[in-house]
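In this note's numbering, the protein residues as written are 1 to 294. Virtual Cβ for every residue (Gly too), placed ideally from N, Cα, C. Just so we're clear, the structure is a prediction, and the values are computed from it rather than from any experiment. Notes for the one structure printed next.
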Amino acid sequence: PFSLAGVSKKNSLGRAHGFACDTQGTLFFDVVRIIDARRPAMFVLENVKNLKSHDQGKTFRIIMQTLDELGYDVADAEDNGPDDPKIIDGKHFLPQHRERIVLVGFRRDLNLKADFTLRDISECFPGQRVTLAQLLDPMVEAKYILTPVLWKYLYRYAKKHQARGNGFGYGMVYPNNPQSVTRTLSARYYKDGAEILIDRGWDMATGEKDFDDPQNQQHRPRRLTPRECARLMGFEAPGEAKFRIPVSDTQAYRQFGNSVVVPVFAAVAKLLEPKIKQAVALRQQEAQHGRRSR
């Protein structure tokens, strides 16, 4: 991952590039320094989809320019339309809408980029995507169920914004629907869980008539547990509890919200496998000749 803040005012090559950022040593700048020092045959970078439009596209242009100056070609660099293959949605692998931009770079002098495209990632889509219901535990602790006060607040907040014609509000998902896809799990999920609420049988019609109906209140929605977040991000399979979560719920939500959908990058790695083997072969040839290209 690399930061939206971008790189420092001078890139690793010592040339100014006009970033409106006074902070030296930002994350992308560190990535650039590492790439320039180690000269890997290829790399994979990931960020939010909006990186392309940040600062009217200036940030992304500078990132691409910097990588080009380092001597790397980015796969599908010229594809910037609505079907940009660099934008990959996690919903193709797991029931979560999570669009991310993926930059796969190849060292130009090694001629590895030919015929590689992220469009081929569709070949790695699962034949049958796991359903939301399969990722959920049948029973959870009561602390994950929204309190009456929080649920009323989120409910009224959504109603207010619906009346104004905008889409602000909670994101309810229904486990009984095998096509259910959640919104993007974010690092702020620990606050109220509003972007992904799991339906527990709340009756909307009854809620409209009498929000405080005692029987309906027994079916208030709940948030995901950290374990369910691990599954939604692909760290473990449905029904498993193998992934160690040694931190508090708050920290776990933050970390999973800042993570990547694991199967997406397993698929990217699968696509890169022949290129990696090709790069290893080139390095072995260099070693046999007693030299190594920088």
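- Contact between the stretch 186-198 and the stretch 208-218 is absent, with fewer than three C-beta pairs closer than 8 Å.
- In this chain, the beta strand (DSSP E) harbouring F106 covers E99 to R107.
- One Cα belongs to L232, the other to L136, and the distance between them is close to 9 Å.
- Across the set A158, V264, P126 and E228, the C-alpha of E228 shows the shortest separation from the C-alpha of P175.
- Listed in chain order, the non-local C-beta contacts of V104 below 6 Å within the same chain comprise V44 and A75, local neighbours out to five positions each way being set aside.
- Only buried fits G234, as 16 or more other CB atoms lie within 10 angstroms of its CB.
- Beta-bridge partners of Q96 (DSSP): T182.
- Annotated three-state conformation of I88 is strand, per DSSP.
- The beta-carbon separation of G257 and Y189, rounded to 5 Å, stays under the 8 Å limit for a contact.
- Spanning the alpha carbons of F125 and V181 requires a straight line of approximately 16 Å.
- P226 counts as buried, since no fewer than 16 other beta carbons sit within 10 angstroms of its beta carbon.
- According to the DSSP assignment, D73 belongs to the beta strand (DSSP E) that extends over Y72 to V74.
- Annotation for E46: the continuous beta strand (DSSP E) segment containing it runs M42 to V48.
- Straight across, the Cα-Cα distance linking V140 with R200 is about 12 Å.
- According to the DSSP secondary-structure assignment, I145 is paired through a beta bridge with R222.
- By the Cβ test, the stretch 79-89 is in contact with the stretch 97-115, since at least three Cβ pairs between them sit closer than 8 Å.
- The shortest C-alpha to C-alpha distance from I145 to any of E123, V280 and R223 is the one to R223.
- The stretch 64-75 and the stretch 105-121 touch, with three or more beta-carbon pairs separated by less than 8 Å.
- If you check the CB distance, V268 and F93 do not come in under 8 Å.
- Under the DSSP definition of a beta bridge, I198 partners with V173 and R222.
- K275 is positioned such that its CB atom lies closer than 8 Å to that of L112.
- Residues of the same chain with a CB within less than 8 Å of the CB of K270, apart from the 5 flanking positions on each side, are C124 in chain order.
- By the neighbour-count criterion, in which 16 or more other beta carbons inside 10 Å mark a residue as buried, P95 falls on the buried side.
- When DSSP states are grouped into helix, strand and coil, S248 belongs to the coil group.
- Judged by DSSP in its simplified three-state form, T66 adopts helix.
- Look at H161 here: in three-state DSSP terms it is helix.
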